[in-house]
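Residue numbers (UniProt numbering): 1 to 721.
Where is the CB? At the ideal position from N, CA and C, for every residue including glycine.
Presented below is the structure to which this report refers.
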C-alpha cells in the first residue's frame with residue numbers, strides 16, 4: 001500500500017508540474033492579448049528584468065566584499081604589517097582555525113596534512129585529538145586545496161587568500177539575501193533595500209569585523225543560499241525547470257552548510273519546525289515540504305559518515321523531528337479518511353509529531369553514546385532559572401555578552417535605521433493575513449491556485465508564510481541570546497525590504513481598510529515604488545557619509561606587548577616547551593609560534609572545559625603548591641600571566657574571571673547582601689610577582705613586559721604526600 005501510495009504521489013506531482021507548465025503560457029498569452037502585447041515583447045521585457053536584476057544582485061555582493069576588504073585594510077593596516085603582526089589580529093578561536101590552515105600548507109602533501117590533523121598530538125599537551133572533527137576544519141581543508149591547486153603560491157600570500165575567500169562568501173551571503181527578497185516581492189528594488197539595511201546594520205548582522213575565521217562566517221552564506229532556493233521552491237505554479245533547479249540548490253547548500261558548522265543542525269531544526277507548522281495548516285504543497293525533510297535526512301546521514309561518525313548528528317533534534325514527521329505522514333496516507341477523520345487527524349497531527357519526536361530523541365540519547373554538549377543543556381537550565389550553580393564554566397558562559405539578553409542599544413540602532421519599524425509593520429500585516437487564511441482553511445475553504453494582486457491575500461503565498469514563521473522563531477531566540485541576533489537580523493532586513501516593495505502587501509492592507517476614493521491596485525503599485533525610494537534616499541543621506549568615513553579613516557591596531565612576547569617565545573623557548581595561560585592567549589601562541597599549549601578556547605569538549613577551569617586557577621586565591629600541581633599535571637613548562645586579567649576592572653563586578661573563581665572555590669562570603677572575598681592565601685597572580693618564598697621555589701620569572709609575565713615552572717621541586 002505504501003509503495004502504491006508513494007507512486008500515486010509521484011505521479012500526481014508530475015501531472016501537477018506538467019499542468020502548470022501547460023497552463024502558465026496559456027494564462028500569460030490571454031493576459032498579454034488583453035493588454036495588446038506580443039509574446040516577443042513580453043519575452044524581451046522579462047529577459048531584461050532578469051538580466052538587470054541578476055546584475056544588480058552580483059554587483060551588490062561584489063561591492064560588499066570589496067567594502068569588507070577595504071575596511072579590514074584600513075582597520076589593521078594589513079599590507080604594511082609583518083606576518084607575526086598580521087597573525088596577532090586573529091584572536092581566540094579564530095587563531096586556532098587559522099593555525100591549522102597554516103599547518104596544512106606546510107605539510108609535505110595534502111594527505112599527510114589531513115592525517116596529522118586527524119591524529120593531532122602537537123597542539124594540546126597530553127591529548128591526541130581529531131582536529132578536523134572536533135573543530136569542524138572542513139573550511140580550512142577546502143581553502144588549502146584551492147590555494148595549492150590554483151597555483152596561488154606565487155601570486156598571493158596565504159593569509160590574503162584565506163580572508164579573501166571569507167570576504168567572497170560574505171558577498172555571496174548578501175547576494176542570496178538580495179535574491180530572496182527579489183523572489184518574494186517580484187522587484188529587485190527590494191534586493192537593493194535589503195543590502196542597504198544589511199550594511200548599515202553591519203554591527204548586528206554579522207561578526208565578520210571581530211572574527212573572520214569563525215565557523216558561522218563560513219557557514220551562513222550557504223544557509224542564505226539554501227533559504228533563497230527554498231523560497232523559490234515553495235512558490236506556487238513554478239515551472240518544472242525552475243523547480244528542479246531550486247530543489248538541487250536546496251540539496252547542495254543544505255549539505256554544505258551542515259559540513260561547515262557544528263551547530264548547523266540546530267538552525268536547520270528551527271527551519272524544519274517552520275516547515276512543519278506551514279504544512280500542518282495546509283498552507284503549502286505537502287509533497288514539496290516532505291522533499292525538504294528527505295534532504296535533511298540525506299544530509300544528516302552523509303554528514304554523519306563524512307564527519308567521522310559524528311554521534312551528535314544522530315541524537316540531534318532535527319533527526320528526531322524529521323523521522324517523526326515522516327512516520328506521522330505515512331500513518332495519515334495509509335488511513336481511509338472520511339471528512340471527519342481527516343479533520344480529527346489534523347487536530348492530533350501536531351501532538352503526534354511532537355510526542356514521537358521527543359520520545360525518539362530520548363531513546364536515541366539513551367542508546368547511542370554521545371558527547372552532545374552536555375554543558376549546553378546545563379547552561380540552558382541555569383539561563384532559564386531552573387537551576388543555580390557555582391560552577392566556573394557555567395557562570396563564565398552566562399557572563400558572555402553574546403549569551404545575555406540583547407541590550408536596548410540593539411533595538412535603538414535598528415530603529416534609527418528605520419529597519420525595526422518597517423519590519424514590525426510588515427510582520428503585523430502578514431500575520432493577520434496568515435491568520436485569516438488559517439481560519440478559512442479550518443472552515444473548509446480551499447486555497448486559491450493563483451493569487452492575483454487585486455485579491456489582497458498575501459497570507460496565501462507559502463513562501464511568505466514560511467518566512468514569517470521563520471523570522472518569529474529566530475526572533476524569539478534573539479530576544480533570549482544576543483548572539484542569535486546575527487541569525488535573525490539579516491532576515492529582518494530581507495522581510496522588511498520585501499514588504500515595503502511588495503504591491504500585494506499594500507493591497508492586503510487596503511482590502512482591510514476598504515479604500516474607495518482611490519483605486520487600491522494603482523495606489524499599491526505607487527506605494528511599492530515610492531516608499532522604498534524614499535527610504536533609500538533617507539538612508540543614503542544619513543548613513544552613506546558614515547560608511548565613507550569608515551573607509552577613509554585610518555585606524556590604529558598595534559599590540560607591541562603581544563608582538564614582543566611572541567618574538568621572545570620563538571627565540572628563547574625550547575621547541576618542546578608547553579605553555580599554560582588563559583585559553584584566548586594560548587590560541588594566539590599556538591598560531592604565532594607553533595608551540596604546544598595546555599588549553600584552547602574551545603567550548604565543545606568537556607575535558608578542555610575542565611582544563612580551562614583548572615588553568616584559570618592562576619588568577620584565584622590558591623597556594624603556590626596547588627597551582628604548581630595543576631600545571632605540572634598538564635606537563636606545562638612555562639606559565640604566562642596576563643596583567644589585564646589579574647587586574648581586571650570589569651563593568652559587572654560578579655563577571656570578572658577572578659570573581660567567578662572566588663565563587664567557584666568558596667572564597668566568597670555573603671553577609672547582608674554584600675559579598676566578601678576570604679582566603680588564607682593571596683591572589684596567586686599578584687603574589688607570584690613579589691618574588692618571595694614559596695613562589696620563587698616553584699616558579700622563576702624569565703620574561704616580562706607591561707602586559708605579560710612569563711615564569712618557568714621549576715622541575716627540581718618534589719612534594720611529599
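| Query | Result |
| --- | --- |
| CB contact flag (residue 225, residue 189, <8 Å) | no |
| Strand pairing of residue 580, partner residues [DSSP] | 639 |
| Residue 294 - containing alpha helix (DSSP H), residue span | 286–306 |
| Beta-carbon proximity check, residue 569 vs residue 596, cutoff 8 Å | no |
| Between the CA atoms of residue 619 and residue 658 - distance to the nearest angstrom | 6 Å |
| Beta-carbon spacing of residue 302, residue 255 below 8 Å | yes |
| Buried/exposed call for residue 560, threshold 16 Cβ in 10 Å | exposed |
| DSSP state of residue 715 mapped onto helix, strand, coil | coil |
| Given residue 298 as reference, the closest of 313, 46 and 697 once Cα atoms are compared | 313 |
| Closest by C-alpha distance to residue 207, when choosing among 490, 521 and 54 | 490 |
| In DSSP terms, what residue 701 is bridged to | 711 |
| Delimiting residues of the alpha helix (DSSP H) encompassing residue 243 | 240–260 |
| Contacting residues, own chain, Cβ-Cβ under 6 Å from residue 118 (five flanking each side not counted) | 130 and 132 |
| Residue 419 and residue 197 closer than 8 Å at C-beta | yes |
| Cutoff 8 Å; reference residue 70; Cβ partners in own chain excluding five residues on either side | 551 |
| Nonlocal neighbours in the same chain, by C-beta distance under 7 Å from residue 274, ignoring five residues either side | 466, 469, 470 and 473 |
| Reference residue 385; option with closest CA among 446, 311 and 480 | 480 |
| Residue 120, DSSP secondary structure in three states | strand |
| Spatial distance of residue 614 from residue 154 (CA atoms) | 45 Å |
| Simplified DSSP assignment, three categories, for residue 156 | coil |
| Span separating the alpha-carbon of residue 638 from that of residue 710 | 7 Å |
| Where residue 134 falls, given that 16 or more other Cβ within 10 Å makes a residue buried | buried |
| Segment contact flag, the stretch 167–178 with the stretch 79–97, C-beta cutoff 8 Å, min 3 pairs | no |
| Three-state class that DSSP yields for residue 597 in the structure shown | strand |
| Assumed close pair residue 353, residue 276 - CB separation to whole angstroms, cut-off 8 Å | 7 Å |
| Spatial neighbours of residue 39 in its chain, beta-carbon cut-off 6 Å, leaving aside the 5 residues before and after | none |
| Neighbour-count burial assignment, residue 178, 16 or more Cβ in a 10 Å radius | buried |
| Test item: CB-CB of residue 101 and residue 140 under 8 Å | yes |
| Pairwise C-alpha distance: residue 359 and residue 319 | 12 Å |
| Backbone secondary structure at residue 132 - three-state DSSP | helix |
| For residue 147, three-class secondary structure by DSSP | helix |
| Euclidean distance between Cα positions of residue 116 and residue 429 | 56 Å |
| Contact between the stretch 491–499 and the stretch 409–423 (3+ Cβ pairs under 8 Å) | yes |
| CB of residue 84 within 8 Å of CB of residue 144, strictly | no |
| Selected residue, minimal CA-CA separation from residue 192, among 164, 496 and 351 | 496 |
| Unbroken alpha helix (DSSP H) run spanning residue 682, endpoints | Run containing residue 682: none; DSSP gives neither H nor E here. |
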